[in-house]
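Colleague:
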Amino acid sequence: MPIDRHVDVLVVGGGPAGSTAATQLAKQGYDVLLVDKQHHPRETVGESLLPSAWKYFDLLGVTDAVVAHGFIRKAGGIVAWGDQLSQIAFRDFEYTRPGLHVERDALDALLLRHAAASGARVEEGVRADAIMTSEGHNEATLIRQGETGGERVRARLLIDASGQASVMARQLGTRQVNPEYRFIALWGYFADSLYMASGGTVRPFADVRTHPPMTFVSRLGEWGWSWHIPLKEMTSVGLVIPIDDYKRDSGRFATLEAYFLSVCHQAAHLGQLLAGATLVNGGIRVMRDFSYVSDVVAGPGFMITGDAAGFVDPIFSIGVVMALYSGQLSAWTADRLLRQPDRAEAIRAMFAHQMRGRYRLAHTMALPGVESASSEAPGAYFDFFSDAEKQLMWSAASMTTRSANLSRISEGQEPPAKPRRLDLAGIDFNQLALAGN
Ligand SMILES: Cc1cc2nc3c(=O)[nH]c(=O)nc-3n(C[C@H](O)[C@H](O)[C@H](O)COP(=O)(O)OP(=O)(O)OC[C@H]3O[C@@H](n4cnc5c(N)ncnc54)[C@H](O)[C@@H]3O)c2cc1C
Numbered sequence: 005m006p007i008d009r010h011v012d013v014l015v016v017g018g019g020p021a022g023s024t025a026a027t028q029l030a031k032q033g034y035d036v037l038l039v040d041k042q043h044h045p046r047e048t049v050g051e052s053l054l055p056s057a058w059k060y061f062d063l064l065g066v067t068d069a070v071v072a073h074g075f076i077r078k079a080g081g082i083v084a085w086g087d088q089l090s091q092i093a094f095r096d097f098e099y100t101r102p103g104l105h106v107e108r109d110a111l112d113a114l115l116l117r118h119a120a121a122s123g124a125r126v127e128e129g130v131r132a133d134a135i136m137t138s139e140g141h142n143e144a145t146l147i148r149q150g151e152t153g154g155e156r157v158r159a160r161l162l163i164d165a166s167g168q169a170s171v172m173a174r175q176l177g178t179r180q181v182n183p184e185y186r187f188i189a190l191w192g193y194f195a196d197s198l199y200m201a202s203g204g205t206v207r208p209f210a211d212v213r214t215h216p217p218m219t220f221v222s223r224l225g226e227w228g229w230s231w232h233i234p235l236k237e238m239t240s241v242g243l244v245i246p247i248d249d250y251k252r253d254s255g256r257f258a259t260l261e262a263y264f265l266s267v268c269h270q271a272a273h274l275g276q277l278l279a280g281a282t283l284v285n286g287g288i289r290v291m292r293d294f295s296y297v298s299d300v301v302a303g304p305g306f307m308i309t310g311d312a313a314g315f316v317d318p319i320f321s322i323g324v325v326m327a328l329y330s331g332q333l334s335a336w337t338a339d340r341l342l343r344q345p346d347r348a349e350a351i352r353a354m355f356a357h358q359m360r361g362r363y364r365l366a367h368t369m370a371l372p373g374v375e376s377a378s379s380e381a382p383g384a385y386f387d388f389f390s391d392a393e394k395q396l397m398w399s400a401a402s403m404t405t406r407s408a409n410l411s412r413i414s415e416g417q418e419p420p421a422k423p424r425r426l427d428l429a430g431i432d433f434n435q436l437a438l439a440g441n
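Here the sequence shown stands for residues 5 to 441, where the numbers follow the working numbering.
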């Protein structure tokens with residue numbers, strides 16, 4: 005097929021990873037084409053952001069726009085795990101800026117528009133297919149929604165930021181799914197939910213701007229968990245359930261919604277937060293939540309970034325920050341590769357090392373059994389992070405019994421900050437009692 009267009013960099017996917025990479029490369033003067041098969045704003049999951057997101061917003065130059073959007077500021081997280089209720093507050097970890105609860109359609113559209121404003125050509129409703137890569141001759145067919153034929157584009161470099169579609173890793177056969185922890189995620193949106201603020205104080209939704217919420221996580225069975233994320237207008241509530249449990253239990257209910265509501269209402273504390281709330285905004289969303297990683301994240305002419313490179317069950321809300329980080333790293337790497345092609349192998353190896361480290365650390369926090377495959381020093385990947393970040397990760401991981409890995413990889417050097425244990429008996433779910441507070 006003849007080549008219709010030539011560009012420096014083709015970015016596949018306009019989520020946080022793709023938009024970040026495209027913005028930073030366009031700012032450096034590269035001819036960047038970003039395609040997304042969907043039109044933005046598009047709904048997606050992943051609404052709780054760690055404060056480290058601000059670092060990347062600063063680098064992109066979108067901090068003012070994010071602030072102006074008025075997303076809900078969050079103060080930290082509260083986890084109910086068995087009979088233990090614990091809290092981590094960001095201010096205890098030297099963070100000066102809050103976390104956020106964001107409508108992802110709005111945030112992702114903001115980042116994508118910023119990529120366009122920075123000089124990247126952004127084409128929505130355009131799917132990349134039939135990708136071929138080799139040093140300097142990377143090609144893809146771009147197919148517009150509603151059309152059958154496509155145009156063939158050649159790029160000096162291709163960045164796959166296609167999220168869970170993971171187009172390159174699937175094509176290469178390098179995407180390894182963790183067979184032991186296969187979950188399904190179901191979520192929906194509620195009006196008038198109560199929420200938890202610092203110290204486990206329960207508040208009415210109307211207070212969400214004056215008393216910053218905590219992201220509330222509650223254990224479901226041995227491995228499952230739920231999220232409760234107050235947004236600007238409503239509250240996002242999701243369940244992450246082992247797929248076998250889901251198959252066994254959901255059939256007993258007449259509808260998916262009935263199953264979802266039943267699990268929500270039985271979950272510790274979540275049921276009480278939702279007691280007077282109504283499910284709104286179009287019912288239940290469903291998505292597979294399998295952890296996976298690609299053995300290969302870079303090769304001649306391409307890089308794989310964000311969720312396309314790897315995904316870990318998102319109990320600790322690090323996916324978007326990982327996507328921003330890896331988008332930034334991809335842009336840095338792409339620039340070096342284009343300027344120093346003779347050093348390509350070493351540059352790609354650096355990229356792969358960083359990506360593998362982040363992914364492994366995320367996995368180490370969230371799920372057991374990650375270490376055995378590594379020949380590297382167990383604590384090596386901790387070195388990528390500031391002390392505050394390390395302490396936050398340590399404390400977050402110790403709020404559940406899912407993984408004891410962190411105590412091993414930190415080699416006994418337990419960071420001083422610890423989650424604060426909350427008194428279960430002190431939680432007051434009676435909204436009326438708050439009226440005078
Ligand atoms: C149930 C669940 C809950 C989560 N909760 C959180 C959370 O609370 N906090 C958090 O930080 N993270 C969370 N995450 C993770 C977070 O959503 C992701 O890590 C993040 O969206 C990854 O960004 P990305 O840019 O890599 O991919 P995405 O945001 O998925 O973007 C990929 C884009 O690529 C496009 N695309 C795909 N294929 C093609 C193609 N062939 N051609 C063109 N375009 C294509 C898609 O349309 C999409 O817009 C959660 C994930 C799940 C599954």
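Ideal Cβ placement from N, Cα and C applies to all residues, glycine included.
Looking at the secondary structure, which residues open and close the alpha helix (DSSP H) in which Q332 lies?
Modeller: Your numbering for residue 332 matches position 328 in the sequence shown. Element bounds for Q332: 323-343.
Colleague: Note down the Cα distance separating V36 from D311, rounded to an integer number of angstroms.
Modeller: For the purposes of this step, residue 36 is taken as residue 32 along the sequence shown, with counting starting at 1. For the purposes of this step, residue 311 is taken as residue 307 along the sequence shown, with counting starting at 1. When rounded, the distance between both Cα atoms is 21 angstroms.
Colleague: Assign Y34 to one of three DSSP states: helix, strand, or coil.
Modeller: Locating residue 34 in the sequence shown gives position 30, counting from the first residue. The answer is coil: DSSP assigns Y34 none of H, G, I, E or B.
Colleague: In chain order, what residues of the same chain have a beta carbon less than 7 angstroms from the beta carbon of D8, not counting five sequence neighbours either side?
Modeller: One-based indexing of the sequence shown puts residue 8 at position 4. Contacts found: E155, R156, V157.
Colleague: To the nearest angstrom, how far is it from the Cα of A173 to the Cα of M136?
Modeller: Here residue 173 is taken as the residue at index 169 of the sequence shown, counted from 1. Here residue 136 is taken as the residue at index 132 of the sequence shown, counted from 1. Approximately 12 angstroms between the Cα atoms of the pair.
Colleague: Following a CB-centred definition, is S295 positioned closer than 8 angstroms to any heavy atom of ligand 1?
Modeller: Numbered from its first residue, the sequence shown carries residue 295 at position 291. Checking every heavy atom of ligand 1 against the Cβ of S295, none is found closer than 8 angstroms.
Colleague: Straight-line CA distance for Y34 to T337?
Modeller: Mapped onto the sequence shown, residue 34 falls at position 30. Mapped onto the sequence shown, residue 337 falls at position 333. Using only the alpha carbons, I get a separation of about 13 angstroms.
Colleague: Thinking C-beta only, is G74 closer than 9 angstroms to D321?
Modeller: The count along the sequence shown starts at 1 and reaches residue 321 at position 317. The count along the sequence shown starts at 1 and reaches residue 74 at position 70. The identity of residue 321 in the sequence shown is Ser, whereas the question assumes Asp. Result no, Cβ atoms of S321 and G74 do not sit closer than 9 angstroms.
Colleague: As a quick exercise: from I163, G17, I82, pick the residue whose alpha carbon is nearest that of V126.
Modeller: As a position in the sequence shown, residue 126 is number 122, starting the count at 1. Nearest C-alpha to V126: G17.
Colleague: Looking at C-alpha atoms only, which residue of F187, A281, D109, Y99 is the closest neighbour of K251?
Modeller: Counted from its first residue, the sequence shown places residue 251 at position 247. Selected option, being the one with the closest Cα: F187.
Colleague: Any chance the region 329-348 sits against the region 299-310, with 3 or more Cβ pairs inside 8 angstroms?
Modeller: Result yes; three or more Cβ-Cβ pairs closer than 8 angstroms.
Colleague: May I ask you to verify whether the region 259-278 touches the region 112-128, counting CB pairs closer than 8 angstroms and requiring at least 3?
Modeller: Not touching, per the Cβ criterion.
Colleague: Inspect the beta-carbon positions of R117 and L190 and report whether they are closer than 9 angstroms.
Modeller: Sequence index remark: in the sequence shown, residue 117 carries index 113 (1-based). Sequence index remark: in the sequence shown, residue 190 carries index 186 (1-based). In this structure, L190 does not lie closer than 9 angstroms to R117 by Cβ.
Colleague: Can you tell me whether T152 is buried or exposed? The criterion is at least 16 other CB atoms within 10 Å of its CB, across all chains shown.
Modeller: Sequence index remark: in the sequence shown, residue 152 carries index 148 (1-based). Classification for T152: exposed.
Colleague: Can you tell me whether M238 is helix, strand or coil according to DSSP?
Modeller: Position 234 of the sequence shown, counted from the first residue, corresponds to residue 238. Coil at M238, not helix or strand.
Colleague: Less than 9 angstroms separating the beta-carbons of V267 and S230?
Modeller: Here the question's residue 267 lines up with position 263 in the sequence shown. Here the question's residue 230 lines up with position 226 in the sequence shown. Yes.
Colleague: Is it the case that the Cβ atoms of Y363 and M403 are separated by a distance below 9 angstroms?
Modeller: As a working mapping, residue 363 is identified with position 359 in the sequence shown. As a working mapping, residue 403 is identified with position 399 in the sequence shown. No, Cβ-Cβ distance for Y363 and M403 is not below 9 angstroms.
Colleague: I want to know whether the region 343-359 touches the region 200-209 - three or more CB-CB distances under 8 angstroms.
Modeller: No, the region 343-359 is not in contact with the region 200-209.
Colleague: Hey, how far is the Cα of Q358 from the Cα of W227?
Modeller: Locating residue 358 in the sequence shown gives position 354, counting from the first residue. Locating residue 227 in the sequence shown gives position 223, counting from the first residue. Straight-line Cα distance between these residues: approximately 28 angstroms.
Colleague: Specify, as a first and last residue, the run of the beta strand (DSSP E) that V181 falls within.
Modeller: Residue mapping note: residue 181 aligns to position 177 of the sequence shown, counting from 1. Per DSSP, V181 belongs to the beta strand (DSSP E) from 179-195.
Colleague: Go ahead and pull the three-state DSSP assignment for P20.
Modeller: As a working note, residue 20 is residue 16 in the sequence shown. P20: helix per DSSP, three-state reduction.
Colleague: Quick check on the burial criterion: 16 or more other C-beta atoms within 10 angstroms. Buried or exposed for D87?
Modeller: Here residue 87 corresponds to residue number 83 of the sequence shown, with the count starting at 1. With fewer than 16 Cβ atoms within 10 Å of its Cβ, D87 is classed as exposed.
Colleague: Is F315 near ligand 1, with its Cβ less than 8 angstroms from a heavy atom?
Modeller: Numbered from 1 along the sequence shown, position 311 holds the residue referred to as residue 315. F315 Cβ: within cutoff of ligand 1.
Colleague: Rounding to the nearest angstrom, what Cα-Cα distance links D109 and I76 in this structure?
Modeller: On the sequence shown, position 105 is the one that residue 109 refers to. On the sequence shown, position 72 is the one that residue 76 refers to. Spanning the two alpha carbons is a distance of roughly 15 angstroms.
Colleague: Could you give the distance in angstroms between the alpha-carbon of A132 and the alpha-carbon of V39?
Modeller: The sequence position of residue 132 within the sequence shown is 128, counting from 1. The sequence position of residue 39 within the sequence shown is 35, counting from 1. So the two alpha carbons sit approximately 7 angstroms from each other.
Colleague: For V171 and V83, what's the separation of their Cα atoms in angstroms?
Modeller: Mapped onto the sequence shown, residue 171 falls at position 167. Mapped onto the sequence shown, residue 83 falls at position 79. Going from the Cα of V171 to the Cα of V83 covers about 35 angstroms.
Colleague: Ordered along the chain, which non-local residues of its own chain (more than five positions away) have a Cβ less than 7 angstroms from that of V212?
Modeller: The residue you call residue 212 lines up with position 208 of the sequence shown. Closer than 7 angstroms at Cβ, skipping near neighbours: I76, Y199, P234.
Colleague: Could you tell me which residues DSSP pairs with N285 in its beta bridges?
Modeller: Position 281 of the sequence shown holds residue 285. Beta-bridge pairing links N285 to no other residue.
Colleague: Taking the C-alpha atoms as reference points, what is the distance between S138 and L64?
Modeller: Your numbering for residue 138 matches position 134 in the sequence shown. Your numbering for residue 64 matches position 60 in the sequence shown. If you take the alpha carbons of S138 and L64, they lie about 29 angstroms apart.
Colleague: Could you name the residues that DSSP lists as bridge partners for G2?
Modeller: Residue 2 lies beyond the range of the chain shown here (5 to 441); nothing can be said about it.
Colleague: Exposed or buried, what is R352 when buried is set at 16 or more other beta-carbons lying within 10 Å of its beta-carbon?
Modeller: Here the question's residue 352 lines up with position 348 in the sequence shown. Burial call: buried.
Colleague: With distance defined between alpha-carbon atoms, name the residue in A124, N182, Q270 nearest to G22.
Modeller: One-based indexing of the sequence shown puts residue 22 at position 18. Minimum Cα distance to G22 is reached at A124.
Colleague: Please confirm whether any heavy atom of ligand 1 lies closer than 8 angstroms to the CB of Q168.
Modeller: Along the sequence shown, read from residue 1 onward, the residue named residue 168 stands at position 164. For ligand 1, at least one heavy atom lies less than 8 angstroms from the Cβ of Q168.
Colleague: Report all residues from its chain with a CB closer than 6 angstroms to the CB of H43; omit the five preceding and five following residues, and keep chain order.
Modeller: For the purposes of this step, residue 43 is taken as residue 39 along the sequence shown, with counting starting at 1. Hits under 6 angstroms: E128, G129.
Colleague: If you reduce the DSSP assignment to three classes, tell me which class T48 lands in.
Modeller: For this step, residue 48 is matched to residue 44 along the sequence shown. Coil.
Colleague: Using beta-carbon positions only, say whether S298 and D317 come within less than 9 angstroms of one another.
Modeller: Position 294 of the sequence shown, counting from 1, holds the residue named residue 298. Position 313 of the sequence shown, counting from 1, holds the residue named residue 317. In this structure, D317 does not lie closer than 9 angstroms to S298 by Cβ.
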